[in-house]
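Quick notes on the structure that follows.
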Amino acid sequence: MQPVDLQTTRLTLRAPGPDDIEAIFEACQDPEIPRWTTVPSPYARSDAEEFVAKTATWWHDDAQYVWTIRLGSSFAGVIGLHEVTPRGSAEIGFWLSPDARGQRVLTEAGRAVIDFAFSPEIGMRRLSWRAVVGNVPSAKTARALGFRYEGTLRQALTSPRGRDDGWVAGLLAEDDRMPHPWPVLEG
Ligand SMILES: CC(C)(COP(=O)(O)OP(=O)(O)OC[C@H]1O[C@@H](n2cnc3c(N)ncnc32)[C@H](O)[C@@H]1OP(=O)(O)O)[C@@H](O)C(=O)NCCC(=O)NCCS
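Those letters in the sequence shown? Residues 7 to 193, by the numbering used here.
Okay, here's the thing in structure tokens:
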């Protein structure tokens with residue numbers, strides 16, 4: 007499909023373009039991003055160039071829907087629906103620049119992406135979320151979005167770092183999207 011822009015109270019989500027390359031390159035120098043995601047480390051400018059080019063193909067092929075997040079006029083991060091299947095499921099993924107964190111930006115962006123996924127036009131039925139065990143900020147964000155904890159998969163996540171245990175959670179189109187208790191976040 008053609009890329010779809012999303013607007014929220016504070017944020018603009020749009021398909022990545024050449025203007026985003028520098029900001030993506032700079033943000034991915036923060037060690038917290040390669041620590042918890044699959045981005046390469048060290049992260050070169052050519053990695054950002056390739057990523058932006060690939061996102062255009064992914065939109066066209068309905069393989070992944072990826073947006074950059076803008077807070078006002080500033081680049082804030084990236085959010086996407088990955089592993090899109092014709093049967094109505096996808097996996098949400100996200101990261102923010104360090105200076106955009108802690109302001110509920112991802113909660114606001116995530117709600118818009120979930121609305122998009124479950125809209126009648128897109129018609130998804132299930133979204134999944136996975137994170138390396140111990141990524142509490144990401145888990146709390148997924149919980150705030152209404153994802154329900156579904157378990158821990160041993161050595162199930164692969165990245166340039168190797169293998170990691172993974173927390174998994176899911177959100178169905180009919181779920182109420184209220185935060186539910188996650189046993190791994192309690193106490
Ligand atoms: C995960 C990430 C996107 C969160 O974005 P954010 O905009 O700061 O999150 P929000 O402000 O919307 O907060 C959402 C929830 O997470 C909690 N949270 C956010 N940062 C936190 C932190 N550093 N420690 C503990 N909790 C945190 C918030 O308190 C909130 O929980 P609550 O609703 O129970 O109060 C951001 O920390 C990030 O980019 N991390 C590095 C990359 C990454 O880990 N990506 C995810 C890979 S699975």
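Heads up, the beta-carbon is just placed ideally off N, CA and C, and yes, glycines get one too. These numbers were taken from a predicted model, which means no experiment stands behind them.
Item checked: DSSP state of W135 mapped onto helix, strand, coil -> strand
Next item on the list: Determine the direct distance from the alpha carbon of D26 to that of R20, and round the result to whole angstroms.
Entry: 10 Å
Notebook entry, point to check: How would you write the range of the beta strand (DSSP E) that R160 sits in, first residue to last?
Noted result: Its beta strand (DSSP E) spans residues 154-165.
Notebook entry, point to check: Would a C-beta distance cut-off of 8 Å place R131 and A179 closer than the cut-off?
Noted result: yes
Margin query: Could you compute how far the alpha carbon of I39 sits from the alpha carbon of A69?
Written below: Cα-Cα distance, rounded: 23 Å.
Notebook entry, point to check: Can you tell me the Cα-Cα spacing of G116 and W188, whole angstroms?
Noted result: 18 Å
Margin query: I'd like to know whether the C-beta atoms of I98 and L87 end up nearer to each other than 8 Å.
Written below: yes
Check: So does A150 have its beta carbon nearer than 7 Å to some heavy atom of ligand 1?
Finding: yes
Check: So is the beta-carbon of P143 under 7 Å away from any non-hydrogen atom of ligand 1?
Finding: yes
Next item on the list: Could you please give the first and the last residue of the uninterrupted beta strand (DSSP E) stretch that includes L151?
Entry: Taken as a continuous stretch (DSSP letters only), L151 belongs to no beta strand (DSSP E), as it is neither H nor E.
Item checked: Residue from L151, G94, P104 with nearest C-alpha to P126 -> G94
Check: Going by the C-beta, is L102 closer than 7 Å to any heavy atom of ligand 1?
Finding: yes
Check: Would the beta-carbon of D182 fall within 8 Å of that of G152?
Finding: yes
Next item on the list: Check the Cβ-Cβ distances between T147 and every residue of chain C, and say whether any is below 8 Å.
Entry: Among the protein chains of the structure shown there is no chain C, as only one such chain exists.
Next item on the list: Grab me the residues of T113's own chain with a C-beta within less than 6 Å of its C-beta, minus the 5 sequence neighbours each way, in chain order.
Entry: A150
Next item on the list: Determine the DSSP secondary structure at A118, reduced to helix, strand or coil.
Entry: In the structure shown, A118 adopts helical secondary structure according to DSSP, grouped into three states.
Checklist line | Same chain, Cβ closer than 6 Å to D170, neighbours up to 5 away in sequence not counted | finding: V138, L163
Checklist line | S35 beta carbon near ligand 1 (any heavy atom closer than 7 Å) | finding: It should be pointed out that residue 35 corresponds to Gln in this sequence rather than to Ser. No, the Cβ of Q35 stays beyond 7 Å of every heavy atom of ligand 1.
Notebook entry, point to check: Terminal residues of the continuous alpha helix (DSSP H) containing S261?
Noted result: It is not possible to answer for residue 261, since the shown part of the chain is limited to 7 through 193.
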